[in-house]
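Position 194 of the sequence shown, counting from 1, maps to 703 under the working numbering, and the rest follow consecutively.
Remarks on the structure that follows.
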Amino acid sequence: MKLTLHSAWRASAPYRVRIGLNLKGLDYAIQPVDLVSSQHHGEAYRALNGQALVPTLDVDGRPLTQSLAILEWLDETVPQPRLLPADPFDRATVRAMAEIVACDIHPVNNLRILRALTGLGVDQDGRDAWAQRWIVDGFTALEPMVARHGKGYAFGAEPGLADCCLVPQVYNAARFHVDMTPFPAISAVVARALEHPAIAAAHPNLQPDAQKA
């Protein structure tokens, strides 16, 4: 199986998929996509991903899009180690944790939204305040879930889907100067996760297109 991940170094959604691929122990190539220069809006990339978003995972010439869909596909095709627990109730809980990040926090803070805010005349302080508002809302919901279910990682004693989403979102929280003091459980599991070699290797600074932030 030949895998190529169309990725942008510090974008959250490709970061999630890099973690998942690494946890599965899969070999894959990185094809950088320059979001700053709007490469993702070019004809060649749109032919792969009609939304012009990252990531796209090319699997033997067949493209997969949307990070959560890709991660669940990985779990279905490479069952071990699991990203989702075996118990259906636990799986639903982990999906809920992941979706707080992927559906409720990240979409209103990604590059296209920040560019739209800039176009409306919102300055950097205003954009930071916007991002902080939604990150704090989401983390406020996630903190008790992580405190209840985490046993070293966001859910249980092994890294999984929730960590794939939470680690990149905490990275983004730092970019937007979010005070993490009210979220000790989240901070602890992410610090632990970053010590895992597969998760550490997915860090934005280690990507081939990494730039000085």
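Heads up, the beta-carbon is just placed ideally off N, CA and C, and yes, glycines get one too.
Measuring only the C-alpha atoms, how far is residue i from residue j?
i, j, result
"SER696", "ARG684", "15 Å"
"ALA578", "ASP584", "10 Å"
"GLU667", "ILE609", "20 Å"
"ILE644", "ALA605", "16 Å"
"LYS533", "GLY630", "43 Å"
"PRO594", "ARG600", "5 Å"
"ARG642", "ALA650", "13 Å"
If contacts are defined as beta-carbon pairs under 8 Å, then residue i and residue j qualify, I think. What distance do you get, rounded to the angstrom?
i, j, result
"PRO572", "VAL526", "Wrong, their Cβ atoms sit about 13 Å apart, outside the cutoff."
"PHE692", "PHE664", "At roughly 16 Å, the Cβ-Cβ gap does not stay under 8 Å, so PHE692 and PHE664 are not in contact."
"TYR537", "PRO713", "Contact flag wrong, Cβ pair sits at about 16 Å."
"LEU620", "GLY669", "About 27 Å separates the two Cβ atoms, so there is no contact after all."
From this set, the options, which residue's C-alpha is nearest residue i's C-alpha?
i, options, result
"HIS686", "VAL587, ALA638, GLN560", "ALA638"
"LEU544", "TYR537, PRO693, ARG555", "ARG555"
"LEU562", "SER576, VAL698, GLY570, ASP569", "SER576"
"GLY570", "LEU514, PRO653, LEU530", "LEU514"
"PRO677", "ARG591, SER516, ALA522", "ALA522"
So for residue i, helix, strand or coil by DSSP?
i, result
"SER546", "coil"
"GLN641", "helix"
"ALA747", "No answer is possible for residue 747: it lies beyond the span of the chain, which begins at 510 and ends at 722."
"ASP596", "coil"
"HIS658", "helix"
"HIS705", "coil"
"GLY665", "strand"
"THR565", "strand"
Taking Cβ positions only, does residue i come closer than 7 Å to chain D?
i, result
"GLY628", "No chain D appears in the structure shown, which is made up of a single protein chain."
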